[in-house]
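Position 85 of the sequence shown, counting from 1, maps to 85 under the UniProt record's numbering, and the rest follow consecutively.
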Amino acid sequence: MEITAAVVKEKWSNFELTKVVLDQPKSDEVLVKIVATGICHTDMVARDFIMGAPNFPVILGHEGAGIIESVGADVHHLNVGDHVVLTYGYCGECEICRSGNPAYCHDFFQRNFSGARVDGSHSHHYHDAKAIHDNFFSQSSFATYAVAHKNNVIRVPKDAPLEILGPLGCGIQTGAGAIINSLRVKVGSSVLITGTGAVGLSALMAAKASSATTIIAVDINDERLEFSKELGATHTINSLREDVSQRIREILPNGVQYGVDTTGRNEVINNILSSLAPVGELVCIGVARKPLELETNIFLTKGYKIKFINQGDSVPQEFIPKLIHMYQGGQFPFNKLIKKYAFQDINQAIEDSEKGRTIKSVLLIGNYNN
Ligand SMILES: NC(=O)c1ccc[n+]([C@@H]2O[C@H](COP(=O)([O-])OP(=O)(O)OC[C@H]3O[C@@H](n4cnc5c(N)ncnc54)[C@H](O)[C@@H]3O)[C@@H](O)[C@H]2O)c1
Ligand SMILES: [Zn+2]
Ligand SMILES: [Zn+2]
Numbered sequence: 001m002e003i004t005a006a007v008v009k010e011k012w013s014n015f016e017l018t019k020v021v022l023d024q025p026k027s028d029e030v031l032v033k034i035v036a037t038g039i040c041h042t043d044m045v046a047r048d049f050i051m052g053a054p055n056f057p058v059i060l061g062h063e064g065a066g067i068i069e070s071v072g073a074d075v076h077h078l079n080v081g082d083h084v085v086l087t088y089g090y091c092g093e094c095e096i097c098r099s100g101n102p103a104y105c106h107d108f109f110q111r112n113f114s115g116a117r118v119d120g121s122h123s124h125h126y127h128d129a130k131a132i133h134d135n136f137f138s139q140s141s142f143a144t145y146a147v148a149h150k151n152n153v154i155r156v157p158k159d160a161p162l163e164i165l166g167p168l169g170c171g172i173q174t175g176a177g178a179i180i181n182s183l184r185v186k187v188g189s190s191v192l193i194t195g196t197g198a199v200g201l202s203a204l205m206a207a208k209a210s211s212a213t214t215i216i217a218v219d220i221n222d223e224r225l226e227f228s229k230e231l232g233a234t235h236t237i238n239s240l241r242e243d244v245s246q247r248i249r250e251i252l253p254n255g256v257q258y259g260v261d262t263t264g265r266n267e268v269i270n271n272i273l274s275s276l277a278p279v280g281e282l283v284c285i286g287v288a289r290k291p292l293e294l295e296t297n298i299f300l301t302k303g304y305k306i307k308f309i310n311q312g313d314s315v316p317q318e319f320i321p322k323l324i325h326m327y328q329g330g331q332f333p334f335n336k337l338i339k340k341y342a343f344q345d346i347n348q349a350i351e352d353s354e355k356g357r358t359i360k361s362v363l364l365i366g367n368y369n370n
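Printed below as a string of structure tokens:
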């Protein structure tokens, strides 16, 4: 079928809305009419070829939400007309997936970053039959329609606002999952979050929902720090103007129990470590643009745990519906992070995300009736 997709022709270039051909889904796949897709920094990381990116031309987009149009013969748990959120790809069969850790699937790279299906095939091509790299996060959802694997299609309730749900499939579950799944933050505890973009603010809202009582947000952007207070930060620190470790010791003389880094920056991660309480725990989420250097000797007497996590350690079939429940109950107002753009304004939406003007951009792609 002919669809419209945002194609990136080469490294660092713009997204171009292009008419391309999408094949019918294979037996273990699903065809989804895309209603909206979030923009995540990992789309830019792939466009810039920084981390495990597919080749060009490529169709990116990995926070899709839409309606099932057709299902392959081996898909039994999903139906035409279901409202769905698309998340990251995993096989569901390797021992890591079967142990309840699909974000660390043995096939993670191939199913999310290789630019093709596991068997090397593509479902998108130009009218002259030239293949386009695709299957980004098993979806490539910057398009009017997407083919996804049955495992990464999550049915969601029809009374939830489908046009804002896509980011639950990556950025939002990543931040919220860091708090709820990875750290299992305890009631009454203290949490430090560095970087208050979509991932950091999702962590912040989850920390509040988990009844953490001291929540410190660090950023270099005053507007985002102000907004953090609205979402539940008890303290904010602008690291351009203030000494982060010193401020944290003033707030918490014994140090902070949990840290979440979304910046991937050396100095920021070292600041968190120097502010952690003994047996404190840090999770690192941000994609680093340089290798990390740590003064490890201090950890030997501190009992720190540092974990590098993917997708908030989420089991998406379970976690995404839980986040929607929390949203509907008023405990997780992730809608406040979102700004909507028309699909044709994708380059503006990307630029606004990169310049920090929007926290979570969502492209409105197709219509639906609730
Ligand atoms: N591992 C995963 O599963 C996963 C999933 C989604 C996103 N990510 C990554 O997480 C990161 C965060 O994503 P996002 O969408 O929230 O990005 P974002 O750019 O919106 O947020 C990053 C924030 O960090 C702040 N910042 C930059 N330098 C800083 C400094 N020196 N000190 C303090 N704050 C600083 C920025 O002002 C910004 O507010 C990205 O690297 C993204 O690629 C990882
Ligand atoms: Zn697996
Ligand atoms: Zn993402």
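Note that the Cβ used here is the ideal one computed from N, Cα and C, for glycine as well.
Option in the options with minimal Cα separation from residue i
{"i": "N221", "options": "G200, A6 and P333", "result": "G200"}
{"i": "F109", "options": "C170, F136 and E63", "result": "F136"}
{"i": "V20", "options": "E95, S70, H133 and D82", "result": "H133"}
{"i": "N347", "options": "D43, K26, G120 and R224", "result": "D43"}
{"i": "L273", "options": "D74, K302 and K11", "result": "K302"}
{"i": "D128", "options": "G366, E2 and G115", "result": "E2"}
{"i": "I154", "options": "A65, R241 and S245", "result": "A65"}
{"i": "V268", "options": "V244, P291 and Y258", "result": "V244"}
{"i": "F334", "options": "L300, A212, N270 and L231", "result": "L231"}
{"i": "S190", "options": "E69, R47, P253 and L78", "result": "P253"}
{"i": "I320", "options": "G169, L60, S239 and V80", "result": "G169"}
{"i": "V80", "options": "D74, L86 and I68", "result": "I68"}
{"i": "D23", "options": "I96, A6, F49 and S121", "result": "S121"}
{"i": "N367", "options": "C91, G255, P161 and T214", "result": "P161"}
{"i": "F49", "options": "G72, S13, K336 and I359", "result": "S13"}
{"i": "T4", "options": "G255, Y126 and K355", "result": "Y126"}
{"i": "K355", "options": "T214, E223 and A46", "result": "E223"}
{"i": "G92", "options": "V71, A46, Q317 and D82", "result": "Q317"}
{"i": "G255", "options": "I215, V71 and E163", "result": "I215"}
{"i": "N369", "options": "D82, V71 and P278", "result": "D82"}
Local Cβ density within 10 Å of residue i, reported as buried at 16 or more and exposed below that
{"i": "S361", "result": "buried"}
{"i": "K208", "result": "buried"}
{"i": "H124", "result": "buried"}
{"i": "G289", "result": "First, the residue type needs correcting, since residue 289 is Arg and not Gly in the sequence shown. Exposed, since its Cβ has fewer than 16 Cβ neighbours within 10 Å."}
{"i": "Q311", "result": "buried"}
{"i": "I248", "result": "buried"}
{"i": "T236", "result": "buried"}
{"i": "Q257", "result": "buried"}
{"i": "L165", "result": "buried"}
{"i": "S141", "result": "buried"}
{"i": "D313", "result": "buried"}
{"i": "T37", "result": "buried"}
{"i": "D219", "result": "buried"}
{"i": "I298", "result": "exposed"}
{"i": "E226", "result": "exposed"}
{"i": "L204", "result": "buried"}
{"i": "V187", "result": "exposed"}
{"i": "T358", "result": "buried"}
{"i": "G100", "result": "exposed"}
{"i": "S211", "result": "exposed"}
{"i": "E163", "result": "buried"}
Expected contact under 8 Å - CB spacing of residue i and residue j to nearest Å
{"i": "residue 378", "j": "V84", "result": "Only positions 1 to 370 of the chain appear in the structure, and residue 378 is not among them; the question remains open."}
{"i": "P167", "j": "V315", "result": "Between V315 and P167 the Cβ distance is about 18 Å, and since that is not below 8 Å, they are no contact."}
{"i": "L31", "j": "P25", "result": "5 Å"}
{"i": "V304", "j": "G280", "result": "It is worth fixing the name first, because residue 304 is Tyr in this sequence and not Val. Indeed, because the Cβ distance is near 6 Å, the residues count as touching under 8 Å."}
{"i": "E63", "j": "G195", "result": "18 Å between Cβ atoms; not a contact."}
{"i": "I309", "j": "I285", "result": "6 Å"}
{"i": "S228", "j": "A217", "result": "4 Å"}
C-beta contact flag for residue i and residue j at 8 Å
{"i": "Y88", "j": "N152", "result": "yes"}
{"i": "residue 385", "j": "K150", "result": "Summary: the structure shown does not reach residue 385, with the chain confined to residues 1 through 370, and so no result is reported for it."}
{"i": "F332", "j": "A233", "result": "no"}
{"i": "I34", "j": "A198", "result": "no"}
{"i": "L322", "j": "V283", "result": "According to the sequence as given, residue 322 is Lys; it is not Leu. No; because the gap between Cβ atoms is not below 8 Å, this pair is not in contact."}
{"i": "I193", "j": "V185", "result": "no"}
{"i": "V118", "j": "V58", "result": "no"}
{"i": "K11", "j": "F56", "result": "yes"}
{"i": "I365", "j": "F343", "result": "yes"}
{"i": "R98", "j": "S138", "result": "no"}
{"i": "L292", "j": "N266", "result": "yes"}
{"i": "I39", "j": "A349", "result": "yes"}
{"i": "H77", "j": "C94", "result": "no"}
{"i": "L294", "j": "N270", "result": "yes"}
{"i": "L60", "j": "A73", "result": "no"}
Below-8 Å beta-carbon distance, residue i vs any chain D residue
{"i": "S114", "result": "In the displayed structure, chain D is absent; only one protein chain is listed."}
- prompt: Given 8 Å as the limit, is there contact between the stretch 247–264 and the stretch 175–191, that is, 3 or more CB pairs closer than that?
  reply: yes
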